[in-house]
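Have a look at the structure below before the remarks.
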Amino acid sequence: DSVNKSEVCIKLPFVRVHNVARVEDAVLRVYDYYEPTRQATRTYNSGFLRSVDSCYFCGENCDSCRP
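Note that the UniProt record's numbering numbers the sequence shown so that position 57 is 57, with each residue one more than the last.
So this is what it looks like as structure tokens:
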């Protein structure tokens, strides 16, 4: 309901629609609707999805991942 100077930890549920490997950080910005200069910006990511490559998703079904 409001933005103040105290730090708050929030949990946001996300749904992955497409399989993407080696994901990069995304940005989340929270701001006061009536005073947009009052804002906070942070990055977030999935440590697991950052570390997997495309073979995790296709496995032996693609030529690039076959041993």
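Glycine included, every Cβ here is placed at the ideal spot set by N, Cα and C.
For Val8, the residue or residues it bridges with in DSSP: If you number the sequence shown from 1, residue 8 lands on position 8. According to DSSP, Val8 bridges with nothing at all.
Terminal residues of the continuous alpha helix (DSSP H) containing Tyr56? Mapped onto the sequence shown, residue 56 falls at position 56. It spans 55-58 - the alpha helix (DSSP H) in which Tyr56 sits, taken as one unbroken run.
For Ala26, which residues does DSSP report across the bridge? Translated into the one-based positions of the sequence shown, residue 26 becomes position 26. Paired residue(s): Tyr44.
Check whether the Cβ atoms of Arg16 and Val27 lie closer than 9 Å to each other. As a working note, residue 16 is residue 16 in the sequence shown. As a working note, residue 27 is residue 27 in the sequence shown. No, they are not a contact pair.
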